[in-house]
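Since the structure comes first, as structure tokens, the remarks are kept for the end.
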Amino acid sequence: MIKHLLKMVWNRKRTNFFIILEIFISFLVLFAVIMSGVYYTDNYRQPLGFNYEQIWDVNIHQQGNNTRADKSGPLVSAKQVFLAVQEFDEVAGLAGIGHAPYGGSRSTGAVTVNGREILYGFNRATDSFKDVLGLEVRRGRWFSPEDDAANYRPVVINQKFSREVFGDEDPLGKLLGDSPPAPRRAPEGPREREMRVIGVISDFRQHGEFAAPENFLFERQSVNLPQDRPPAELLIKVRPGTTAAFEEKLGRRLQTLAQDWSFEIEPLSNMRESSFKAHLAPLLAAGLVAGFLIIMVALGLTGVLWQNVTQRTQEIGLRRAAGATTQKIHTQILGELLVIASFGLLTGVLVIVQFPLLDLIGFISSKVYLYSLLLSLALIYLLTMICGLYPSRLATKVQPAEALHYE
Amino acid sequence: MLKNYLKIAFKVFLRRKFFTFISLFAISLTLVVLMVATALFDHVFGAQAPETKLDRTLGIYMLQLRGEHSQMTGTPGYGFLDRYARRLPQVEKMSIFEQFNYKDAYRNGEKIKLFLKRTDGEFWEIFDFKFLEGGPLTAEDEQRANFVAVINEATRQKFFDQEPAVGKTIEVDGQRFRVIGVVANVPLLRLIPFADVWVPTSTSNVKDYRTSLHGPYQAVLLARSQADFPAIKAEFASRLPGVEFPDPREFNQAFSGAETLFEFVSRMLSNDQRENHPTRLLAALVGLIILFMVLPTVNLININVSRIMERASEIGVRKAFGASSWTLVGQFVVENVVLTLLGGLIGLLLSLPILRLIEQSGLIPYAEFHFNHRIFLYGLVTAVFFGLFSGVYPAWKMSRLHPVEALRGGVR
Chain A
1 MIKHLLKMVW NRKRTNFFII LEIFISFLVL FAVIMSGVYY TDNYRQPLGF NYEQIWDVNI
61 HQQGNNTRAD KSGPLVSAKQ VFLAVQEFDE VAGLAGIGHA PYGGSRSTGA VTVNGREILY
121 GFNRATDSFK DVLGLEVRRG RWFSPEDDAA NYRPVVINQK FSREVFGDED PLGKLLGDSP
181 PAPRRAPEGP REREMRVIGV ISDFRQHGEF AAPENFLFER QSVNLPQDRP PAELLIKVRP
241 GTTAAFEEKL GRRLQTLAQD WSFEIEPLSN MRESSFKAHL APLLAAGLVA GFLIIMVALG
301 LTGVLWQNVT QRTQEIGLRR AAGATTQKIH TQILGELLVI ASFGLLTGVL VIVQFPLLDL
361 IGFISSKVYL YSLLLSLALI YLLTMICGLY PSRLATKVQP AEALHYE
Chain B
1 MLKNYLKIAF KVFLRRKFFT FISLFAISLT LVVLMVATAL FDHVFGAQAP ETKLDRTLGI
61 YMLQLRGEHS QMTGTPGYGF LDRYARRLPQ VEKMSIFEQF NYKDAYRNGE KIKLFLKRTD
121 GEFWEIFDFK FLEGGPLTAE DEQRANFVAV INEATRQKFF DQEPAVGKTI EVDGQRFRVI
181 GVVANVPLLR LIPFADVWVP TSTSNVKDYR TSLHGPYQAV LLARSQADFP AIKAEFASRL
241 PGVEFPDPRE FNQAFSGAET LFEFVSRMLS NDQRENHPTR LLAALVGLII LFMVLPTVNL
301 ININVSRIME RASEIGVRKA FGASSWTLVG QFVVENVVLT LLGGLIGLLL SLPILRLIEQ
361 SGLIPYAEFH FNHRIFLYGL VTAVFFGLFS GVYPAWKMSR LHPVEALRGG VR
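First to last, the protein sequences are chains A and B.
Just so we're aligned, residue 1 is where the first sequence starts under the working numbering, counting upward by one.
Just so we're aligned, residue 1 is where the second sequence starts under the working numbering, counting upward by one.
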């Protein structure tokens, strides 16, 4: 049966070539869009690790170098900023961080473990950060004043990072990395010391729900000493019922404290919304374009198949006269279509298989990859079958007598 | 001759309406996508108010500093531009201005988001802003550090509800400015002139901005004519090796360029941003368009090929009376181009409401797509190309039908 179908397709190879080409390209387009969609959905379903409700972000643009003339310390210290904010009744909690969640900026680092380089995202946070954002500490503890005296760099990592470096072992108290990392460009900071894990959190996905979960590491940002500079971002937990009017009050207070800086205040939920828009808008645009292409291909394919069937009236009439049932005609037309589609899809799969082989899409997990592959295959098969339904129904209506004296 | 072709073409279109519909649907929507993309491109790079003299404007938009161990890429500082970009030959006017900056302002406890830009006086001579009231900032305002501001229409609406704003004051970023002019909104994607509020550079509360190499500043140069571009670029490039560094151990090389906006974008997209490659960017864009058009083209070829037999008797007759294959190819290609042009027209009509929709969605602040002759021309060219590409193969195949077989009603 299949051998026969193959022969039929081969006999009309020139006509079928363009159909195969069309299915092949459609498959690639569909796969690209579906994979992005599946990737985002998969990311969205993983736990976020923190709570964004009732949190406001204050971005501090610190212009100038904020140093006293005699270089004895900052003109405006972190302590002053914290005290100024905490005096408001609306403030339930306050923390400092290097890069805000849902913000555009980020820091990354790399650590060598057993000769293998492992990349991670990193951030600096204050002792109060865990409670303000509601992080979940799985092992050990979060930063606290007792770290002031530490002669190592205390770090808190997420579970993914812990698994990647330490496997199932308990990471607490262990050194992170084979050797001390290369000195970073912070001339005034203390010499680089080795990093020691003091705690493991479930997760902290700084870039939000749609970004891929990554290895993450927190360093401690101290704000209690007079020489501490203010962090780049403040996160404020506001009491329920706080209105936008508080923004102005807070903004003016901070502005009087540091006149040549500027402050940008934004509820984290707003930042989340814009981050969603930034992630989804391109996907939506690509989806619209792909959707249009697929509809176009479907219409075109229906037209071509219809035309083919009308041209094969004689052949179909002969089969009917020789006793083939309508069911058999159906099977033949759709079977041929299935073979043609399979040729296109096979070529497509051969191309797509190259991506993971050449490591072009390393950030996509194999689960997402396989799932998208199967989904696109199923969709294209379904689509071609739908396109074939009407033409094949038309074919079954051919009357043997009429077909046979066609000429 | 052509009239005959057109007549036949329309007869054929009407014969099988379903197929004509499929073809037109595919062509018009393909061209809608292309035209919306073109309009967006034109919105960013094309000459439109206030950048009306774009054809003779160059800019210095970025600076990369390199040292032994480190590099830093960003916008130039006021000091760098002031020292190395002034008095270039053939430059009529030159302006140094700050990149727009996001600021919060408040009105009766309600937050107003604003983009602030600090400029000098010449900025207002190079760009043609449309003033609704008042006038621009002047060189004198800049010299004396007057706390005056030009605001856009949207900001006037937010602060003063449509009432005249000149003479009133607004508070932005902890500073109070007297409004001296109101201009029509500038779209966000006009990255160089865009802002909500423009104030003199000298009102900046950063004290040491005038000396630094790096900072949030950019410059535009208005040349006498486009022909002077190479000389200006060369002169600016020759000054770069002479840049003096405050700490040569940190950075000792500077990379920058006097360039058009498109060249600037190609620089930002290149590997190390030391040089610009506008032709590569152009090639990539054209490649992207071709990639997008492959599927619609194959689709149209498919439909056309499958319809050959419809025309068998006509081809047979024409061939029997001595028409050459080439004449027939010409006829069918013309037919196809007519069809695509028709689709292009529908696409054009469809893309207008879509562009309005994008404007109103607020995705791009203050976007305003002007449907100009450039976009129409691009659309026309793509439509014709599309028609040629998708028409040639089916036409060639059609013309090869054997006359006898064609007359008989045809084999496969």
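C-beta atoms are modelled at their ideal positions from N, C-alpha and C, and glycine is treated no differently.
Buried or exposed by the 16-neighbour rule on C-beta atoms within 10 Å, applied to residue i
i                : result
Ser266 (chain B) : buried
Lys103 (chain B) : buried
Val411 (chain B) : Because Val411 (chain B) carries a pLDDT of 47, less than 50, the predicted location of this residue cannot be relied on, and the following value inherits that uncertainty. Classification of Val411 (chain B): exposed, given that the 10 Å Cβ count is below 16.
Met1 (chain A)   : exposed
Ile386 (chain A) : exposed
Gln332 (chain A) : buried
Asn252 (chain B) : exposed
Trp326 (chain B) : exposed
Phe18 (chain B)  : exposed
Pro47 (chain A)  : exposed
Gly343 (chain B) : buried
His43 (chain B)  : buried
Arg429 (chain B) : Summary: the structure shown does not reach residue 429 (chain B), with chain B confined to residues 1 through 412, and so no result is reported for it.
Spatially closest choice to residue i from the options, by CA coordinates
i                : options                                   : result
Ile20 (chain A)  : A:Leu357, A:Glu247 and A:Ile340           : A:Ile340
Leu176 (chain A) : A:Arg229, A:Ser202, A:Arg116 and A:Val368 : A:Arg116
Glu405 (chain B) : B:Val317, B:Glu335, B:Gln331 and B:Thr340 : B:Val317
Ser366 (chain A) : A:Leu379, A:Gly199, A:Ser392 and A:Tyr39  : A:Tyr39
Pro164 (chain B) : B:Asp173, B:Glu153 and B:Leu191           : B:Glu153
Leu132 (chain B) : B:Gln162, B:Glu140 and B:Ala323           : B:Gln162
Glu263 (chain B) : B:Thr30, B:Ala26, B:Leu58 and B:Leu2      : B:Leu58
Arg464 (chain B) : B:Pro248, B:Arg56 and B:Arg307            : There is simply no residue 464 (chain B) to check, as chain B begins at 1 and stops at 412 in what is shown.
Ala49 (chain B)  : B:Leu188, B:Ile308, B:Arg210 and B:Asp208 : B:Leu188
Pro136 (chain B) : B:Leu114, B:Glu98 and B:Val183            : B:Val183
Phe24 (chain A)  : A:Arg393, A:Val297 and A:Thr67            : A:Val297
Pro145 (chain A) : A:Lys160, A:Thr126, A:Phe161 and A:Arg163 : A:Thr126
Leu374 (chain A) : A:Gly348, A:Arg141 and A:Asn123           : A:Gly348
Lys113 (chain B) : A:Ser269, A:Glu248 and A:Leu305           : A:Glu248
Pro213 (chain A) : A:Val289, A:Phe122 and A:Pro226           : A:Phe122
Strand pairing of residue i, partner residues [DSSP]
i                : result
Asp57 (chain A)  : A:Leu235 and A:Glu266
Ser107 (chain A) : A:Phe122
His214 (chain B) : B:Pro76
Thr57 (chain B)  : B:Leu222
Thr119 (chain B) : B:Pro200
Met94 (chain B)  : B:Leu221
Arg107 (chain B) : B:Glu110
Leu175 (chain A) : A:Arg196
Pro154 (chain A) : A:Arg196
Span separating the alpha-carbon of residue i from that of residue j
i                : j                : result
Leu83 (chain A)  : Leu94 (chain A)  : 10 Å
Gly347 (chain B) : Val12 (chain B)  : 21 Å
Leu6 (chain A)   : Glu336 (chain A) : 7 Å
Ala254 (chain B) : Leu63 (chain B)  : 7 Å
Leu318 (chain A) : Ala383 (chain B) : 44 Å
Ile232 (chain B) : Thr119 (chain B) : 23 Å
Trp396 (chain B) : Val29 (chain A)  : 29 Å
Thr15 (chain A)  : His402 (chain B) : 18 Å
Phe123 (chain B) : Lys117 (chain B) : 11 Å
Pro246 (chain B) : Gly79 (chain B)  : 12 Å
Asn308 (chain A) : Phe25 (chain B)  : 21 Å
Gly98 (chain A)  : Met271 (chain A) : 16 Å
Leu133 (chain A) : Gly344 (chain A) : 51 Å
Asn151 (chain A) : Arg220 (chain A) : 13 Å
Val36 (chain B)  : Thr326 (chain A) : 47 Å
Phe166 (chain A) : Arg138 (chain A) : 15 Å
Asp168 (chain A) : Val156 (chain A) : 17 Å
Glu352 (chain A) : Ser36 (chain A)  : Looking at the sequence shown, residue 352 (chain A) is not Glu but Ile. Spanning the two alpha carbons is a distance of roughly 14 Å.
Leu394 (chain A) : Gly388 (chain A) : 10 Å
Leu284 (chain A) : Leu301 (chain A) : 25 Å
Gly67 (chain B)  : Thr73 (chain B)  : 12 Å
Arg205 (chain A) : Phe218 (chain A) : 12 Å
Exercise for the section: Could you run through the stretch 290–308 of chain A and flag, in chain order, every residue whose CB is less than 7 Å away from some CB of chain D? Expected result: In the structure shown, chain D cannot be found, because the protein chains are A and B.
Practice task
Decide yes or no for the touch test of the stretch 261–272 of chain A against the stretch 48–63 of chain A: beta carbon pairs closer than 8 Å, at least 3 of them.
Solution key: Contact holds: three or more Cβ-Cβ distances are below 8 Å.
Problem - Touching by the beta-carbon criterion (3+ pairs, under 8 Å), the stretch 386–400 of chain B and the stretch 301–313 of chain B - result: The stretch 386–400 of chain B vs the stretch 301–313 of chain B: in contact.
Handout entry: Given 8 Å, three or more beta-carbon pairs between the stretch 29–48 of chain B and the stretch 165–184 of chain B
Key = With a cut-off of 8 Å, the stretch 165–184 of chain B and the stretch 29–48 of chain B do not count as touching, because too few Cβ pairs lie within range.
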